[in-house]
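Written out below as structure tokens is the structure these notes cover.
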Ligand SMILES: C[S@@+](CC[C@H](N)C(=O)[O-])C[C@H]1O[C@@H](n2cnc3c(N)ncnc32)[C@H](O)[C@@H]1O
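Residue numbers (my numbering): 10 to 268.
Right under this line is the structure:
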């Protein structure tokens, strides 16, 4: 009969030996025992970080992961409410405002800390200079970065970024501790220079005390073109982002999903 391999053992405080299953290395004093997750079940019914589709397809999943049903959500660039088309109307307490209705995202009509979640989807591309936007009426109608006047002192990409930064500060004021800020953005090439808007926003928001917790990539279904191509310099963008931040408050710690 082959000799069986003795299992490793550890000495207990009262002198007895405890045998460990084979393959488990004995622990030395001070080692933290490995945590084994025993509950839960395998699933592939998960919210994914990248998706093909439109804002209204992806926004409900982003929201469901980060805002508890019944929570107060302030959409501060509500526009035509496209984001909300697939969100059941009674799931959240929605407070919808927009510059069109006279509420600037940099001066919100809420008290400090009274909001659970802020949603911000401003014009995320700079307007073509001069009169060029006249030929982009649908673009301008949707984003309104000329029509409503963003009233920033900056120009082009800097103006886009300044609105994100100023609104981030205001969102931080109205959010409760552990409240969530969901931001839509897209990178852009401005004056032939690549601007990774999503990185710039993350840096600015972390500097003001937010924690960047998640990033969703939305890829459009149709294939974008370009007028007047001489030689392509950068990749033509066909994706945008939902970024998720939260306000750590005094306690900080790690993000825990809403109950
Ligand atoms: C991309 S659209 C938002 C679309 C919206 N998420 C939807 O689902 O229909 C940008 C919106 O930002 C608004 N806006 C631009 N500057 C603003 C500001 N400073 N404060 C509040 N809203 C602003 C525009 O009026 C426009 O409705």
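Virtual Cβ for every residue (Gly too), placed ideally from N, Cα, C.
Between the CA atoms of residue j and residue i - distance to the nearest angstrom
| i | j | result |
| --- | --- | --- |
| residue 121 | residue 184 | 7 Å |
| residue 80 | residue 265 | 16 Å |
| residue 167 | residue 219 | 21 Å |
| residue 117 | residue 194 | 20 Å |
| residue 52 | residue 58 | 16 Å |
| residue 254 | residue 197 | 21 Å |
| residue 72 | residue 227 | 15 Å |
| residue 192 | residue 216 | 16 Å |
| residue 252 | residue 55 | 18 Å |
| residue 172 | residue 178 | 10 Å |
| residue 96 | residue 165 | 33 Å |
| residue 133 | residue 70 | 22 Å |
| residue 267 | residue 110 | 31 Å |
| residue 26 | residue 43 | Residue placement at residue 26 is poorly supported in this model, since its pLDDT is 47, which falls under 50; the coordinates still yield a value, given next. Those two C-alpha atoms are separated by around 20 Å. |
| residue 92 | residue 65 | 5 Å |
| residue 21 | residue 48 | Residue confidence for residue 21 is low, a pLDDT of 42 falling below 50, so the modelled location carries little weight; the figure read from the coordinates is stated next. When rounded, the distance between both Cα atoms is 29 Å. |
| residue 127 | residue 189 | 6 Å |
| residue 113 | residue 256 | 21 Å |
| residue 104 | residue 175 | 20 Å |
| residue 263 | residue 241 | 43 Å |
| residue 131 | residue 63 | 16 Å |
| residue 17 | residue 82 | Summary for residue 17: the model assigns pLDDT 44, below 50, so the residue's position carries little reliability; its value from the coordinates is reported in the next sentence. Using only the alpha carbons, I get a separation of about 55 Å. |
| residue 244 | residue 201 | 12 Å |
| residue 129 | residue 238 | 33 Å |
| residue 89 | residue 45 | 47 Å |
| residue 181 | residue 60 | 28 Å |
| residue 84 | residue 102 | 10 Å |
| residue 119 | residue 236 | 44 Å |
| residue 98 | residue 68 | 14 Å |
When the options are compared against residue i, the one with the closest alpha-carbon
| i | options | result |
| --- | --- | --- |
| residue 124 | 77, 130, 94 and 93 | 77 |
| residue 205 | 258, 56, 65 and 169 | 169 |
| residue 75 | 131, 222, 245 and 134 | 222 |
| residue 208 | 249, 61, 187 and 186 | 249 |
| residue 231 | 130, 246 and 68 | 246 |
| residue 259 | 239, 210, 236 and 186 | 186 |
| residue 211 | 237, 224 and 102 | 224 |
| residue 86 | 236, 106 and 213 | 106 |
Cross-strand partners of residue i (DSSP beta bridge)
| i | result |
| --- | --- |
| residue 249 | 227 |
| residue 84 | 105 and 128 |
| residue 60 | 227 |
| residue 202 | 199 |
| residue 221 | 254 |
| residue 191 | 128 and 253 |
| residue 184 | 124 |
heavy atom of ligand 1 below 7 Å from residue i C-beta
| i | result |
| --- | --- |
| residue 86 | yes |
| residue 169 | no |
| residue 229 | no |
| residue 190 | no |
| residue 118 | no |
| residue 108 | yes |
| residue 130 | yes |
| residue 91 | yes |
| residue 115 | yes |
| residue 172 | yes |
| residue 53 | no |
| residue 64 | yes |
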